[in-house]
Amino acid sequence: MLTFVKSISLFILAGLFEIGGGYLVWLTIREEKPWWIGALGGIILIGYGIVATWQPANFGRVCQEPQIVKHHCKTHSLLFRSNHS
């Protein structure tokens, strides 16, 4: 149970780092915010890579699951459209 809680907590933390860092970089590029905001975003994205290594579960498998679902939904959507066009 403790491994499960640690895994979920690190997954959420990694997600916050990834989204937060990416958002700060986006603000710098698209909204013309100061360069240091983009640099901070880059540092946070490096932190995301470090947090991912702390994951007790197979992080590749954990991160791959949403991609599998996305691919399945996209494939299903294409099949559904082709059958009913």
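Take -15 as the starting number for the sequence shown in the working numbering and just add one per residue.
All C-beta atoms in this analysis are idealised placements derived from N, C-alpha and C, irrespective of residue type, glycine included.
Cβ of residue i within 8 Å of any chain C Cβ
{"i": "ALA41", "result": "Among the chains of the structure shown, chain C does not appear; only one protein chain is present."}
For residue i, the first and last residue of its enclosing alpha helix (DSSP H)
{"i": "ALA23", "result": "19 to 37"}
{"i": "ALA(-2)", "result": "-14 to 14"}
Distance, residue j Cα to residue i Cα
{"i": "GLY25", "j": "GLY31", "result": "10 Å"}
{"i": "LEU(-14)", "j": "ILE27", "result": "29 Å"}
{"i": "LEU0", "j": "VAL35", "result": "11 Å"}
{"i": "LEU62", "j": "ILE3", "result": "With a pLDDT of only 49 at LEU62, under the threshold of 50, the placement of this residue in the model should not be trusted; the figure read from the coordinates follows. Roughly 29 Å separates the two Cα atoms."}
{"i": "ALA23", "j": "ALA41", "result": "30 Å"}
Exposure label - residue i; buried when at least 16 CB within 10 Å
{"i": "ALA(-2)", "result": "buried"}
{"i": "THR12", "result": "buried"}
{"i": "VAL(-11)", "result": "exposed"}
{"i": "GLY33", "result": "exposed"}
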